[in-house]
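Okay, so here's the structure we're looking at.
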Amino acid sequence: MKYERIINQSSKPQRYIGEELNSIIKDKNPGDVKVLVGYPDLYEIGMSNMALRIFYFLVNSIEGAHAERIFTPAPDMIELLRKNNYPLTSIETKTPIKEFDLLCLTLQYELTYSAMLTILELGRIPIFSQERSDDDPLVVIGGPCATNPEPCLPFVDLISIGDGEGVFEELIEVIKNCRGLSRLEKIKEACKIEGVFSPLVEKKVKRRIIRNLDDAFHPETTIVPFMSTVHDRISIEVARGCPHGCRFCHAGFTYRPYRERSVDNIIEIAKKQVESTGYNEITLASLSASDYTQINELVEKLNSTFSGRGISISLPSLRISNFSIELAKMIGMVRRGGLTLAPEAGSDRMRKCINKGVEAEDLMESVISAARSGWKRMKLYFMLGLPGETDDDAIEIARLAIEAQKLGKKISKGGFSITISISSFVPKPHTPFQWAARIDKGSYLNRIDLIKDMIRGKNINLKYSHTFISELESIFARGDEKTSQFLYEAWKRGAIFDGWKEYINYDAWLESTDITSLNWQDYFNPVDVNKELPWDYIDMLVSKEFLIKEFEKSKTGSSTSDCNIGKCKICGAC
Amino acid sequence: MERYRVRYIKKGMMKYISHLDLINYFSRLMIRARVDVEFTHGYNPKVKFEFGPALPVGFESEYEYFNMFPKEKLDENELLNLLNSKSLPNLTIKEIKNVENRKLSRTIDGFEFFVKISSKNNESEISLMEKILKKDFLEDNGIVKKDFIISINVIKKGKDFIEVKWITNFKDGQYGSPKVVTKLEEFKDFYMDCNKTAIMWKTFQK
């Protein structure tokens, strides 16, 4: 009752009420392992996440365990909870999160760390793992950012590296078998699980990998939120990993090798998902959907399975070089929004340096395919600040966009709009560019201006990333031990939702800089390849020698061909 | 194309679902239940509905309505059971009837609400709310337009709560909603629980 009064006063109670279609409240038996699966951001962001969707249903399918969700409350709700001295509770049963056995959070983005600390604080779980008692949940993190967990080490008990399917089953067994033991004993036992380690035990781990995706659990239903959320549709993971080795890409190197789900498996999942949700859009989720071996057959089969029922298929950011007219027509069949392509760099030279393997004419071919199939809006993703980039490369971005627009307009005989979306390059761990420098603010803004000058009056939209936010991302992406203190001090002073322009608390981060004497530039400078990196103890299966070789090749614009799955043993992942 | 009028309830936590989100929910319900319904025309076809007036967020209701448009005639009972088999518990469907009237809102004469106002901290004087919850007071102070409210009658009263039956008419898409009281400065120390308990249909049924 009191909680309802609190929710009632918040601006969007729907974030906290639960009871959505397909949400699960299992019968509780004593001895059940209580698991929280969560995403440290707002409900409407976290609900879109694929990992959360998978693990929620995976855990609920295990006998003797159940999963509930947790997100970071919005700022107004954080205030209400504090003012009313009310603890943070789970979405499904509104149980205080402190009462759970496991608090599992997926870290997808560096600037969600502060929101994670807020979940702990509001849940009355001690922020520092060393201060937790046997009654506190074990705090477990996974996801891409866990591959460099240094900024989070003091705050987490267990870290899962690699594919999570399988880990949950084993963690739940550990909890069941260790009832009554101390938390350290549970943690030690959990460290025996492949891919799992704890900063409280030993900093050493090898990535866990599921070789056959058809063997991995995939949910046959999705929770359907009431309120509008990001990716408010069915999402089916058709493949994991990516066969291309774009040198800037963390996902490409940490999810390799590329693995697919079979067409038949996907169709079965799709049928059950549509039946149980009533959604009319299916996203084929993967890093590079158009690389799916049988993409045409898959889309054709999906269209015929659901023919006449108004179900549309969407593909996330498409590979430019194989976006055919045939494919374009098939996904545009029911409903058509905008199309997103990612050239990433403006010039052919830069694209070779980053091993993107796409030429300007490939992009124009894709524009032609799209325009001929009736698409009228296109978004182009680029990065600025890639290693070896010059002002000329930035100008090429504008030229490419202008040419694409001209071509599109000519073919579609009328409206064809282009949006350029630019983010500043952030060097990521476990990639060939983990030793590269981050561009300085002045050069970045200067190159943005060059682009603006060129596209002026041409009716091309331009979006670009915020420098303060990108700089913080860069600090945490390559963060070391010191960054955990930096994070804590800023969070203590009110930093939260740092990836959001409307919430970023500059003062908190600047004050923390003073207190910790953290030198931002240290994290932007290039790194000597012979120096030991803070995340070296995490073995992602791809050898350091391979990464160094790729880094060297980038300096001469030398490309590396796509993965030859099953036939190549060079990088170490296969 | 057939027109069926559906009455559903909106209770418990579902009272926080907004009107637009509810329309989305019912669209998906039709798809889940595989009812062959009409879609709107245009670029982004949607399930065709006619909804009653929006219930304010936070209000419960036993009497919410929409019209749906199956392509063919269906058995009313079977349709009700089918939809409920795919529904959420606090949004159950209570009645379905094949109707002919065009605009749903034109057939509604008024609503009856059960309103309970309680103080947040047991110290605020309920007599203040009692003064406000009067038809004359609300009209004379311009809080509600004249002739919208038919009657407001106190049912029960305590030291820190008051319950009233609030009856309003509905014309030209507007009505005197108890929600207006929550916007007043004097209301800040109180809570309102509101339940739409009856709906008045126009006497002619076409």
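Protein chains in written order, with this note's numbering: chain C, 37 to 610; chain H, -3 to 202.
No residue lacks a Cβ here, since even glycine has one placed at the ideal position from N, Cα and C.
Amino acids of chain H, ordered along the chain, whose beta-carbon sits closer than 7 angstroms to that of residue i
| i | result |
| --- | --- |
| N667/C | Chain C is shown from 37 up to 610; residue 667/C falls before or after that span and cannot be answered. |
| P187/C | Ordered by position in chain H, no residue passes the 7 angstroms Cβ test against P187/C, which lies about 36 angstroms from the chain. |
| P49/C | Y12 |
Closer than 9 angstroms at the beta carbon, the chain H residues around residue i
| i | result |
| --- | --- |
| F612/C | Chain C is shown from 37 up to 610; residue 612/C falls before or after that span and cannot be answered. |
Close-in-space but distant-in-sequence residues of the same chain around residue i (CB under 8 angstroms, 5 per side omitted)
| i | result |
| --- | --- |
| N38/C | Checking the displayed sequence, the identity of residue 38/C turns out to be Lys instead of Asn. N120 and Y122. |
| I367/C | V335, S348, I349, S350 and L351 |
| V33/H | M26, V43, K44, M64, F65, P66 and K67 |
| K99/H | E46 |
| N301/C | D250 and H254 |
| K184/H | none |
| K518/C | T552 and L554 |
| V260/C | E56, L57, N58, T313, G314 and Y315 |
| R529/C | N541, D543, A544, E547 and S548 |
| L72/C | A103, E104, R105, I106, S126, I133, F136, L138, L139, C140 and P173 |
Cβ shell of residue i (< 6 angstroms), same chain only, five flanking positions each side left out
| i | result |
| --- | --- |
| E135/H | K142 |
| L129/H | I148 and V160 |
| I145/H | K131, T164 and G172 |
| I484/C | Y500 |
| T467/C | H286 and F289 |
| I139/H | V176 |
| M576/C | R243, T290 and H466 |
| V210/C | E225 and A226 |
| N137/H | none |
| V563/C | W471 |
Cross-chain neighbours of residue i in chain C, by beta carbon under 7 angstroms
| i | result |
| --- | --- |
| G54/H | N44 |
| Y187/H | R41 |
| I27/H | G314 and N316 |
| P41/H | G346 |
| R24/H | V260, T313, G314 and Y315 |
Sequence-distant residues of its chain with Cβ nearer than 7 angstroms to residue i (five each side left out)
| i | result |
| --- | --- |
| I19/H | F45 and F47 |
| T129/C | I61 and E104 |
| K82/H | L25, R28 and A29 |
| D125/H | Reading the sequence as shown, one finds Met at residue 125/H and not Asp. The residues are I113, I158 and F186. |
| P255/C | R89, I90 and F93 |
| K93/H | Y0, R1 and E72 |
| F342/C | V310 |
| N316/C | G346, I347 and S348 |
| S298/C | D250 |
Proximal chain C residues relative to residue i, where beta-carbon distance stays under 9 angstroms
| i | result |
| --- | --- |
| L84/H | E55, E56 and L57 |
| F35/H | G346 |
Bridge-paired residues (DSSP) for residue i
| i | result |
| --- | --- |
| C190/H | F55/H and V111/H |
| Q170/H | K167/H |
| G178/C | T142/C |
| I195/H | F107/H |
| T153/H | According to the sequence provided, residue 153/H is Lys. The question's Thr does not apply to it. K153/H is bridged to I158/H. |
| V634/C | Residue 634/C lies beyond the residue range present for chain C, which begins at 37 and ends at 610; the question has no answer from this structure. |
| F107/C | Y75/C |
| H102/C | K70/C |
| Q233/C | Position check: residue 233/C holds Phe in this sequence, whereas Gln was assumed. Bridge partners of F233/C: I195/C. |
heavy atom of the ligand NAD below 6 angstroms from residue i C-beta
| i | result |
| --- | --- |
| K412/C | You won't find the ligand NAD in this model; it holds no ligand whatsoever. |
Should the stretch 471 to 482 of chain C be called in touch with the stretch 436 to 452 of chain C, which here means at least 3 C-beta pairs below 8 angstroms? Three or more beta-carbon pairs separated by less than 8 angstroms are not found between the stretch 471 to 482 of chain C and the stretch 436 to 452 of chain C, which leaves the two stretches without contact.
Validate contact between the stretch 131 to 145 of chain C and the stretch 107 to 121 of chain C using beta carbons, cut 8 angstroms, 3 pairs: Three or more Cβ pairs closer than 8 angstroms define a contact, and the stretch 131 to 145 of chain C falls short of that threshold against the stretch 107 to 121 of chain C.
If you scan the stretch 23 to 68 of chain H from start to end, which runs of the alpha helix (DSSP H) of 4 or more residues do you find wholly inside it? The DSSP assignment places no complete run of the alpha helix (DSSP H) inside the stretch 23 to 68 of chain H (cut-off: 4 residues).
Alpha helix (DSSP H) runs wholly inside the stretch 249 to 332 of chain C, at least 4 long, in chain order: Entirely contained in the stretch 249 to 332 of chain C, the alpha helix (DSSP H) runs reaching 4 residues are, in chain order, 286 to 290 and 299 to 313.
List in chain order: all unbroken alpha helix (DSSP H) runs of 4+ residues lying wholly within the stretch 392 to 442 of chain C. Counting only runs of 4 or more, we get 396 to 408.
Complete alpha helix (DSSP H) runs within the stretch 512 to 594 of chain C (minimum length 4 residues, chain order): Secondary structure remark: continuous alpha helix (DSSP H) runs of at least 4 residues inside the stretch 512 to 594 of chain C, in chain order: 518 to 528, 542 to 552 and 580 to 591.
Okay, do the stretch 582 to 602 of chain C and the stretch 182 to 201 of chain C touch, 3+ Cβ pairs below 8 angstroms being the bar? Touching, no.
Are at least three pairs of beta-carbons, each pair with one atom in the stretch 545 to 563 of chain C and one in the stretch 158 to 169 of chain C, less than 8 angstroms apart? The stretch 158 to 169 of chain C and the stretch 545 to 563 of chain C do not touch, with fewer than three beta-carbon pairs separated by less than 8 angstroms.
At 4 residues or longer, what runs of the alpha helix (DSSP H) sit wholly inside the stretch 80 to 141 of chain H? Within the stretch 80 to 141 of chain H, the complete alpha helix (DSSP H) runs of at least 4 residues are 122 to 128 and 131 to 136.
At least three beta-carbon pairs within less than 8 angstroms, the stretch 286 to 293 of chain C to the stretch 77 to 89 of chain C: Between the stretch 286 to 293 of chain C and the stretch 77 to 89 of chain C there are fewer than three inter-stretch CB-CB distances shorter than 8 angstroms, so the stretches are not counted as touching.
Check whether the stretch 230 to 237 of chain C and the stretch 184 to 196 of chain C are in contact - that is, three or more C-beta pairs closer than 8 angstroms. With a cut-off of 8 angstroms, the stretch 184 to 196 of chain C and the stretch 230 to 237 of chain C count as touching, because enough Cβ pairs lie within range.
Taking 8 angstroms as the threshold, find out whether the stretch 499 to 513 of chain C comes into contact with the stretch 443 to 451 of chain C through three or more Cβ pairs. Because the criterion of three Cβ pairs below 8 angstroms is not met, the stretch 499 to 513 of chain C and the stretch 443 to 451 of chain C do not touch.
Check whether the stretch 487 to 496 of chain C touches the stretch 452 to 466 of chain C, taking contact to mean three or more Cβ pairs, one atom from each stretch, closer than 8 angstroms. A contact between stretches requires three or more CB pairs, one per stretch, nearer than 8 angstroms, and the stretch 487 to 496 of chain C meets this requirement with the stretch 452 to 466 of chain C.
Count the CB pairs spanning the stretch 173 to 185 of chain C and the stretch 562 to 576 of chain C that are closer than 8 angstroms, and state whether there are at least three. The stretch 173 to 185 of chain C is in contact with the stretch 562 to 576 of chain C.
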